[in-house]
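There are 2 protein chains.
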Amino acid sequence: QIKFLVEGEEETGSRSFPGLVARYGHKFAADGCVWEGAGLDLAGRPELVFGAKGLAYVELNHRGLASDQHSSVAVIAPSPVWYLVEALASLRSPDGKVLIEGFYDDVVPPSEADERMLEILPFEEEAEKERLGVESFVGGATGLDLVRRYFFEPTCNIAGIDAGFTVPGASKTVLPRSALAKVDFRLVPDQDPADIVVKLRRHLAKHGFEKIEILGHSMEHPVRSPSDSVIGRAAVSAAEKVYAHKPAVAPLMIATGPMHPIAGTLGIPTVSPAGVCRPDSNIHAPNEHCLIEDFNRTIEYTVAWLEAFGSSE
Amino acid sequence: QIKFLVEGEEETGSRSFPGLVARYGHKFAADGCVWEGAGLDLAGRPELVFGAKGLAYVELNHRGLASDQHSSVAVIAPSPVWYLVEALASLRSPDGKVLIEGFYDDVVPPSEADERMLEILPFEEEAEKERLGVESFVGGATGLDLVRRYFFEPTCNIAGIDAGFTVPGASKTVLPRSALAKVDFRLVPDQDPADIVVKLRRHLAKHGFEKIEILGHSMEHPVRSPSDSVIGRAAVSAAEKVYAHKPAVAPLMIATGPMHPIAGTLGIPTVSPAGVCRPDSNIHAPNEHCLIEDFNRTIEYTVAWLEAFGSSE
């Protein structure tokens, strides 16, 4: 017996999903859960993950002046843009460490088993640097340090910032009345998004930025699921049979999905098996695509892990 | 004999004007220069100024990634937005002091005569705070400190900043590939805008932000002119006769104009007499306006200072 669940709110934070699971938990009962697919890595290896990072996405707003001013007045009028820039700069150090008090309190460090998983996990450093167009990674990390950071570090990212006059190549001397930033925190187990927002608010107040308004958007709990579950082992063994490359098994995905209500709240063993997505598939971007051969291979693989799961004890 | 000069490039930095003055200086020869009018202050006092701040307006661009990324990658991919925010935060301290090495080297402090001018210059602190909608001024300045800062301090202002996803009230988890900021520096005598840009470039390189591209826009030299010139005394004495309030005589205007080629290069004594503009005239903004009574009074005043200048030795 197979249950399908199509959840249409993921891109807007899955606000209804935890409530649905709390109310109809019995209808979700299962021996295992197969989450929407991971993908193939730059070398074409099938990727499997057993969890997801969480997310706290906030919008920071500061309106500090009654109206836009001629910028000559900036000599005496406090600038909302400077205020926001200084607040942002207080949140993170250039090596990526988040400076909000207590931000790392609930972070669970990788276990010895995790370390062994990371040691054998292939990571194409040079190819990834070339894809991104960068000379080095955040904090200059390389090797095992880089892989550990990739999966087990939370982030503080500026997804957007806007204030004043921004037409490229032109000039206007204005002191803008307001400024806005979007900040997303990717969270790792066992950080709690609501707790992170509380700590952010406390940090801003403590550092003199209490005038910044915080508007919460997407909130997701991070979660991990054991990789040696029946469904997990079936997904890994099937990948070893179907694909030309040995699978890359990772502790969790670095992106976010509403996996916590299933794998955490209900405790159903969960795995994201390999799928059709590659790093150069332009996800969420123009010319998003997958390859027909990957599509067909995913069908073959789905049959294989269903058979493996069905025939296990 | 009166010469009129209408210069149409002021809003875009008057790039041709210094060259024109250098080439046709003899045609500009004059006993005095009356610059486009200052205005009336919040209390209706006629304002006269004897100089202008300078300007160095730059656009800072940083494209640090080959393309926009899903923000999950921010855990390892250096963020162009963080890079720019950190660069900006290095430029200025929250009390308004500019931290660029050598920024204040050429600043001429107010003389004793300037200090006496500032002491009697009215400044409506409470009304100005109310107009701006702020609780205090930059650096908490008040009284004579505030007035001194107003006229004799240069600034570093963020006129605009832009990166990534900025739609208010919505969320998108993106790691933007590039970020842009507009920064204007208001300069005081004897700072040189080209020198300030050189020092900015050196500062960014020294602090690890050498990847930021600097695009120069408007550049203006600051300038002062003596207030006891014949034309200056005529403008002041006429204001005392025509207006109901005692004039507010200031050392220079806090905004910028291409006054340096005339008052500096050619050394022609220059004054900006009172005009039609008030602080609530919405300059450069919707519903820009002046009052008919101010317009008529300015005509009356123009006749008065022409007479005063013509009858002086």
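Protein chains in written order, with my numbering: chain A, 928 to 1240; chain B, 928 to 1240. Note that the Cβ used here is the ideal one computed from N, Cα and C, for glycine as well. Model, not experiment: these values are computed from the prediction.
Thinking C-beta only, is residue j closer than 8 Å to residue i?
{"i": "B:Leu1059", "j": "A:Ala993", "result": "yes"}
{"i": "A:Pro1116", "j": "A:Val1025", "result": "no"}
{"i": "B:Ala1108", "j": "B:Ile1088", "result": "yes"}
{"i": "B:Asp1111", "j": "A:Ser1006", "result": "no"}
{"i": "A:Val1008", "j": "A:Ala1106", "result": "yes"}
{"i": "A:Pro973", "j": "A:Ala1121", "result": "no"}
{"i": "B:Thr1225", "j": "B:Val1203", "result": "yes"}
{"i": "A:Ile1003", "j": "B:Arg1076", "result": "yes"}
{"i": "A:Val1150", "j": "A:Ala1190", "result": "yes"}
{"i": "A:Leu1114", "j": "A:Lys980", "result": "yes"}
{"i": "B:Trp1232", "j": "B:Ala1161", "result": "yes"}
{"i": "A:Leu1011", "j": "A:Ile1085", "result": "no"}
{"i": "B:Pro1037", "j": "B:Phe1079", "result": "yes"}
{"i": "B:Glu1227", "j": "B:Val1169", "result": "yes"}
{"i": "A:Leu975", "j": "A:Val1163", "result": "yes"}
Rounded to the nearest angstrom, what separates residue i and residue j at their Cα positions?
{"i": "B:Ala1177", "j": "A:Glu938", "result": "57 Å"}
{"i": "B:His1148", "j": "B:Leu1179", "result": "13 Å"}
{"i": "A:Phe1030", "j": "B:Glu1062", "result": "32 Å"}
{"i": "A:Glu936", "j": "A:Ala1182", "result": "16 Å"}
{"i": "A:Phe977", "j": "A:Arg1043", "result": "15 Å"}
{"i": "A:Asp1032", "j": "B:Glu1039", "result": "58 Å"}
{"i": "A:Lys1056", "j": "A:Glu1013", "result": "30 Å"}
{"i": "B:Val948", "j": "A:Glu1053", "result": "57 Å"}
{"i": "A:Gly940", "j": "A:Ser1145", "result": "4 Å"}
{"i": "A:His1172", "j": "A:Gly971", "result": "7 Å"}
{"i": "A:Glu1051", "j": "A:Gly966", "result": "15 Å"}
{"i": "A:Ala983", "j": "B:Gly1096", "result": "15 Å"}
{"i": "A:Asp1072", "j": "A:Leu1048", "result": "12 Å"}
{"i": "A:Pro1185", "j": "A:Ala957", "result": "17 Å"}
{"i": "A:Leu1018", "j": "A:Cys1083", "result": "8 Å"}
{"i": "B:Gly1066", "j": "B:Gly1023", "result": "6 Å"}
{"i": "B:Ala1256", "j": "A:Asp995", "result": "A query on residue 1256 of chain B cannot be resolved here, the shown segment of chain B reaching from 928 to 1240 and no further."}
{"i": "A:Ala1090", "j": "B:Phe1064", "result": "20 Å"}
{"i": "A:Arg1104", "j": "A:Gly952", "result": "49 Å"}
{"i": "A:Leu1218", "j": "B:Leu1102", "result": "25 Å"}
{"i": "A:Glu1137", "j": "A:Glu1028", "result": "15 Å"}
{"i": "A:His1134", "j": "B:Glu1234", "result": "59 Å"}
{"i": "A:Gly1237", "j": "A:Val1125", "result": "45 Å"}
{"i": "A:Ser1208", "j": "B:Ala1068", "result": "55 Å"}
{"i": "A:Asp1119", "j": "A:Ser1152", "result": "17 Å"}
{"i": "B:Leu1045", "j": "B:Arg1128", "result": "34 Å"}
Using a cut-off of 7 Å between C-beta atoms, extract the partners of residue i located in chain B.
{"i": "A:Leu1084", "result": "Correcting the residue type first, residue 1084 of chain A is Asn in the shown sequence and not Leu. In chain order: Ser998, Ala1001, Ser1006, Leu1102."}
{"i": "A:Leu1015", "result": "Val1012"}
{"i": "A:Gly935", "result": "Per Cβ cutoff of 7 Å: no residues; A:Gly935 is ~16 Å from chain B at best."}
{"i": "A:Ala1182", "result": "His997, Ser999"}
At a CB-CB cut-off below 8 Å, which residues of chain B make contact with residue i?
{"i": "A:Arg1019", "result": "Trp1009"}
{"i": "A:Glu1028", "result": "Simply none; closest approach about 19 Å."}
{"i": "A:Ala1210", "result": "It should be noted that the sequence gives Ile, not Ala, for residue 1210 of chain A. Those within 8 Å of A:Ile1210 in chain B are His997."}
Using the rule of at least 16 other Cβ atoms within 10 Å of the residue's Cβ for burial, across every protein chain shown, is residue i buried or exposed?
{"i": "B:Phe944", "result": "buried"}
{"i": "A:Gly946", "result": "exposed"}
{"i": "B:Gln928", "result": "exposed"}
{"i": "A:Ala1212", "result": "exposed"}
{"i": "B:Asn1248", "result": "With chain B running from 928 to 1240 in the structure shown, residue 1248 of chain B is simply not present."}
{"i": "B:Leu1131", "result": "buried"}
{"i": "B:Arg950", "result": "exposed"}
{"i": "B:Pro1188", "result": "buried"}
{"i": "B:Lys1099", "result": "buried"}
{"i": "A:Leu932", "result": "exposed"}
{"i": "A:Asp1041", "result": "buried"}
Going along chain A, which residues have a C-beta under 8 Å from residue i?
{"i": "B:Thr1093", "result": "Gly1087, Ile1088, Asp1089, Leu1107, Lys1109"}
{"i": "B:Phe1064", "result": "Ile1003, Ala1004, Pro1005"}
{"i": "B:Arg1151", "result": "Those within 8 Å of B:Arg1151 in chain A number zero; the least Cβ separation is about 16 Å."}
Residue i touches chain B at which residues, Cβ-Cβ below 9 Å?
{"i": "A:Leu1179", "result": "Result: empty, since nearest Cβ-Cβ is about 11 Å, beyond 9 Å."}
{"i": "A:Ser1145", "result": "Ser1098, Thr1100"}
{"i": "A:Ala1068", "result": "Ile1003"}
Report the neighbours of residue i on chain A: residues whose CB is nearer than 7 Å to its CB, in chain order.
{"i": "B:Gly978", "result": "Chain A residues near B:Gly978: none, gap ~13 Å exceeds 7 Å."}
{"i": "B:Gly1060", "result": "Leu992, Ala993"}
{"i": "B:Tyr1077", "result": "Val1002, Ile1003"}
{"i": "B:Glu1080", "result": "Val1002"}
{"i": "B:Tyr1031", "result": "Simply none; closest approach about 14 Å."}
{"i": "B:Leu967", "result": "Within 7 Å Cβ-Cβ: nothing; B:Leu967 doesn't reach chain A, min ~16 Å."}
Does the beta carbon of residue i fall short of 7 Å from some heavy atom of the ligand ADP?
{"i": "B:Asn1214", "result": "As far as ligands go, the structure on display features none, and thus does not contain the ligand ADP."}
Since residue i meets chain A, which of its residues come closer than 9 Å, beta carbon to beta carbon?
{"i": "B:Leu1073", "result": "Ile1003"}
Item checked: Three or more C-beta pairs below 8 Å linking the region 1190-1205 of chain A and the region 958-970 of chain A -> yes
Decide if the region 979-988 of chain A is in contact with the region 1134-1141 of chain A; the criterion is three or more beta carbon pairs, one per stretch, under 8 Å apart. yes
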